[in-house]
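Below: the structure, in structure tokens.
2 protein chains.
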Amino acid sequence: MNYSVSEENYIKSIYHLQQQTDTVTTNSLANELRTKPASVTDMLKKLRTKRLVDYEKYRGFKLNAAGSKIALGIVRRHRLWEFFLVNKLGFEWDKVHDIAEELEHVSSAELIKKLDSFLNFPQTDPHGDPIPDTNGKMAVIKQLSLAEIDAKKTVVVSSVGNQSPEMLEMLKHYHIGIGTSLKINRHFAFDGSVEIKVTQQSACIISGQMAKNIFVHHG
Amino acid sequence: MNYSVSEENYIKSIYHLQQQTDTVTTNSLANELRTKPASVTDMLKKLRTKRLVDYEKYRGFKLNAAGSKIALGIVRRHRLWEFFLVNKLGFEWDKVHDIAEELEHVSSAELIKKLDSFLNFPQTDPHGDPIPDTNGKMAVIKQLSLAEIDAKKTVVVSSVGNQSPEMLEMLKHYHIGIGTSLKINRHFAFDGSVEIKVTQQSACIISGQMAKNIFVHHG
DNA sequence: AATTTTTTTTAGATTTGTCTAAATTAAATT
DNA sequence: AATTTAATTTAGACAAATCTAAAAAAAATT
Numbered sequence: 262m263n264y265s266v267s268e269e270n271y272i273k274s275i276y277h278l279q280q281q282t283d284t285v286t287t288n289s290l291a292n293e294l295r296t297k298p299a300s301v302t303d304m305l306k307k308l309r310t311k312r313l314v315d316y317e318k319y320r321g322f323k324l325n326a327a328g329s330k331i332a333l334g335i336v337r338r339h340r341l342w343e344f345f346l347v348n349k350l351g352f353e354w355d356k357v358h359d360i361a362e363e364l365e366h367v368s369s370a371e372l373i374k375k376l377d378s379f380l381n382f383p384q385t386d387p388h389g390d391p392i393p394d395t396n397g398k399m400a401v402i403k404q405l406s407l408a409e410i411d412a413k414k415t416v417v418v419s420s421v422g423n424q425s426p427e428m429l430e431m432l433k434h435y436h437i438g439i440g441t442s443l444k445i446n447r448h449f450a451f452d453g454s455v456e457i458k459v460t461q462q463s464a465c466i467i468s469g470q471m472a473k474n475i476f477v478h479h480g
Numbered sequence: 262m263n264y265s266v267s268e269e270n271y272i273k274s275i276y277h278l279q280q281q282t283d284t285v286t287t288n289s290l291a292n293e294l295r296t297k298p299a300s301v302t303d304m305l306k307k308l309r310t311k312r313l314v315d316y317e318k319y320r321g322f323k324l325n326a327a328g329s330k331i332a333l334g335i336v337r338r339h340r341l342w343e344f345f346l347v348n349k350l351g352f353e354w355d356k357v358h359d360i361a362e363e364l365e366h367v368s369s370a371e372l373i374k375k376l377d378s379f380l381n382f383p384q385t386d387p388h389g390d391p392i393p394d395t396n397g398k399m400a401v402i403k404q405l406s407l408a409e410i411d412a413k414k415t416v417v418v419s420s421v422g423n424q425s426p427e428m429l430e431m432l433k434h435y436h437i438g439i440g441t442s443l444k445i446n447r448h449f450a451f452d453g454s455v456e457i458k459v460t461q462q463s464a465c466i467i468s469g470q471m472a473k474n475i476f477v478h479h480g
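So the protein sequences, as listed, match chains Z and D. To convert a position in the first sequence, counted from 1, into the numbering used here, add 261. To convert a position in the second sequence, counted from 1, into the numbering used here, add 261.
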């Protein structure tokens with residue numbers, strides 16, 4: 262089966278919203294896609310007919326197994342292209358989302374296979390998010406933010422929860438990227454800010470906001 | 262201005278047909294795009310409104326300066342992507358057309374700029390066709406086929422007039438590719454076949470059909 | 001529990017790009 | 001020059017994806 266760009270965008274957005282809430286609502290999807298609730302209802306009937314979603318009117322909806330598989334294929338293409346744009350073409354990672362959003366709809370399976378191989382089978386995209394494999398299998402990475410980790414531990418940055426230029430600017434300022442190793446010195450109770458020490462740099466304090474958006478794993 | 266995928270396809274096809282005949286007819290364009298003449302008429306009214314074509318009903322049509330510029334932008338993107346697919350991803354050149362056809366509609370100018378640089382500013386695509394520059398300037402390559410060149414001359418293959426798998430198969434058999442240097446031994450009047458000698462190979466005879474589809478420049 | 005507010009769906013319209021069938025114009029033939 | 005044939009355009013319909021406004025259902029509030 263082949264899906265239209267519009268159908269693919271709906272499927273992908275439902276997938277992303279499901280990460281937060283198991284069942285997705287018409288309004289939230291309309292908001293995500295910057296469209297109107299009436300349009301969402303229309304498309305959901307279509308996706309139901311194609312047997313990609315479980316949907317009863319007024320009851321919300323979710324992707325079924327078939328829908329999830331399609332979604333993971335789209336996510337795979339999106340993240341491989343993001344990796345390409347950053348690591349081969351030299352884009353900053355806050356600039357690649359919209360372009361990858363277009364590239365992800367190019368439908369050749371052979372293209373994605375060869376792109377994957379050309380990129381050396383990367384496991385995560387430039388934001389640290391895992392890339393699903395051909396079968397839709399994706400590494401589950403425990404998302405622990407700097408705000409949740411005990412002091413004195415040394416950790417490695419694995420992903421960021423915000424892909425805005427503003428976030429990138431701050432990360433650059435602190436010399437933090439995916440893979441950066443750092444030690445948590447202490448947490449400040451007053452505003453949740455965190456003192457960290459990046460290797461070969463003097464200790465510094467990041468805001469609670471930042472801490473919540475920097476995800477790490479034990480290094 | 263931003264154009265739809267459909268508009269871009271019409272513009273590109275008009276451009277290609279104009280290479281052969283200055284003025285394009287409704288039927289020929291419908292045939293090229295595998296659509297119906299009525300659809301072509303509809304779209305041409307639209308392109309005329311957008312001031313991209315000169316078109317009077319029943320009189321045929323052609324791209325004006327603005328339309329040609331758009332067309333060359335699309336050709337540029339198409340050929341850069343073809344170069345990428347062959348030289349970076351390892352596709353055979355008979356497999357890349359359809360994929361490039363999709364990729365060419367991805368609209369980011371920054372993407373194409375960076376792709377061009379990543380590919381090291383190639384001058385021709387994998388079939389030897391020249392790649393227009395950012396301003397729509399394109400090298401004019403004199404298209405002389407092997408059939409038209411005098412015997413005893415040594416030439417370099419610059420492009421091929423047919424991008425089918427069958428053509429590729431034959432070229433591979435003869436060890437001929439873009440850039441291959443070869444000497445024309447003699448022409449046979451009976452059927453137009455040509456005896457050639459590729460460097461480090463024994464002389465061989467190619468059909469008149471082949472000879473007409475292999476373009477060369479003096480090496 | 002009744003009422004109000006919010007969410008969702010339906011009904012009907014709109015835009016883009018396509019189509020078929022009929023009408024019109026141009027080109028070719030007699 | 002008249003007629004036939006071919007090419008092109010118009011008229012009207014259709015599918016996909018969207019929208020607005022109104023109706024219906026669910027959730028929240030009193």
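Every residue gets a Cβ at the ideal spot worked out from N, C-alpha and C, and that includes glycine. Computed from a predicted structure; not experimentally measured.
Neighbour-count burial assignment, residue i, 16 or more Cβ in a 10 Å radius
{"i": "residue 274 of chain Z", "result": "buried"}
{"i": "residue 388 of chain D", "result": "buried"}
{"i": "residue 270 of chain Z", "result": "buried"}
{"i": "residue 340 of chain Z", "result": "buried"}
{"i": "residue 393 of chain D", "result": "buried"}
{"i": "residue 421 of chain D", "result": "buried"}
{"i": "residue 416 of chain D", "result": "buried"}
{"i": "residue 382 of chain Z", "result": "exposed"}
{"i": "residue 409 of chain D", "result": "exposed"}
{"i": "residue 282 of chain D", "result": "exposed"}
{"i": "residue 319 of chain D", "result": "exposed"}
{"i": "residue 365 of chain D", "result": "buried"}
{"i": "residue 476 of chain D", "result": "buried"}
{"i": "residue 322 of chain D", "result": "buried"}
{"i": "residue 351 of chain D", "result": "exposed"}
{"i": "residue 262 of chain Z", "result": "exposed"}
{"i": "residue 266 of chain Z", "result": "exposed"}
{"i": "residue 327 of chain Z", "result": "exposed"}
{"i": "residue 370 of chain Z", "result": "exposed"}
{"i": "residue 450 of chain D", "result": "exposed"}
Chain-order list of residues whose beta-carbon lies under 7 Å from that of residue i (same chain, five-residue window excluded)
{"i": "residue 400 of chain D", "result": "384 and 391"}
{"i": "residue 412 of chain D", "result": "445, 446, 447 and 448"}
{"i": "residue 344 of chain D", "result": "380, 383, 386 and 387"}
{"i": "residue 440 of chain D", "result": "417 and 418"}
{"i": "residue 377 of chain D", "result": "341"}
{"i": "residue 462 of chain Z", "result": "436"}
{"i": "residue 347 of chain D", "result": "354, 357 and 387"}
{"i": "residue 315 of chain Z", "result": "322, 323 and 325"}
Residues that DSSP places opposite residue i in a beta bridge
{"i": "residue 286 of chain D", "result": "The partner list for residue 286 of chain D (beta bridge, DSSP) is empty, contrary to what the question assumes."}
{"i": "residue 382 of chain Z", "result": "In DSSP, residue 382 of chain Z forms no bridge with anything."}
{"i": "residue 391 of chain D", "result": "D/385"}
{"i": "residue 475 of chain D", "result": "D/421"}
Residues near residue i by beta carbon distance below 8 Å, same chain, minus five either side
{"i": "residue 298 of chain Z", "result": "287, 288 and 291"}
{"i": "residue 355 of chain Z", "result": "424, 425, 426, 428 and 429"}
{"i": "residue 474 of chain D", "result": "406, 421, 422, 423 and 428"}
{"i": "residue 278 of chain D", "result": "285, 289, 290 and 293"}
{"i": "residue 478 of chain D", "result": "402, 403, 405, 416, 417 and 419"}
{"i": "residue 215 of chain D", "result": "Only positions 262 to 480 of chain D appear in the structure, and residue 215 of chain D is not among them; the question remains open."}
{"i": "residue 210 of chain Z", "result": "Lying outside 262 to 480, the shown extent of chain Z, residue 210 of chain Z is not represented and no answer is given."}
Proximal residues to residue i (C-beta, below 6 Å), its chain only, five neighbours per side dropped
{"i": "residue 304 of chain Z", "result": "271"}
{"i": "residue 468 of chain D", "result": "454"}
{"i": "residue 338 of chain D", "result": "365 and 373"}
{"i": "residue 331 of chain D", "result": "272"}
At 4 residues or longer, what runs of the alpha helix (DSSP H) sit wholly inside the stretch 399-472 of chain Z? Listed in chain order, the complete alpha helix (DSSP H) runs (minimum 4 residues) inside the stretch 399-472 of chain Z are 426-434.
Please go through the stretch 298-334 of chain Z and give each complete beta strand (DSSP E) segment of 3 or more residues, from N-terminal end onward. Segments of the beta strand (DSSP E) lying fully in the stretch 298-334 of chain Z: 314-316 and 322-324.
Residues in the stretch 359-373 of chain Z having any Cβ partner in chain D nearer than 9 Å: Against chain D - using a Cβ distance shorter than 9 Å - the residues of the stretch 359-373 of chain Z are 359, 360, 363, 364, 366, 367, 368, 369, 371 and 372.
For the stretch 322-342 of chain Z, enumerate the residues whose C-beta is nearer than 7 Å to any C-beta of chain D, in chain order. Correct list: empty, as no residue qualifies.
Note down, in chain order, all residues in the stretch 376-393 of chain D with a beta-carbon under 7 Å from any beta-carbon belonging to chain Z. Taking 7 Å as the Cβ-Cβ cut-off against chain Z, the residues of the stretch 376-393 of chain D that qualify are 376 and 379.
Residues of the stretch 342-355 of chain D with Cβ closer than 8 Å to any Cβ of chain Z, in chain order: Listed by position, the residues of the stretch 342-355 of chain D near chain Z (Cβ gap below 8 Å) are 346, 349, 350, 351 and 352.
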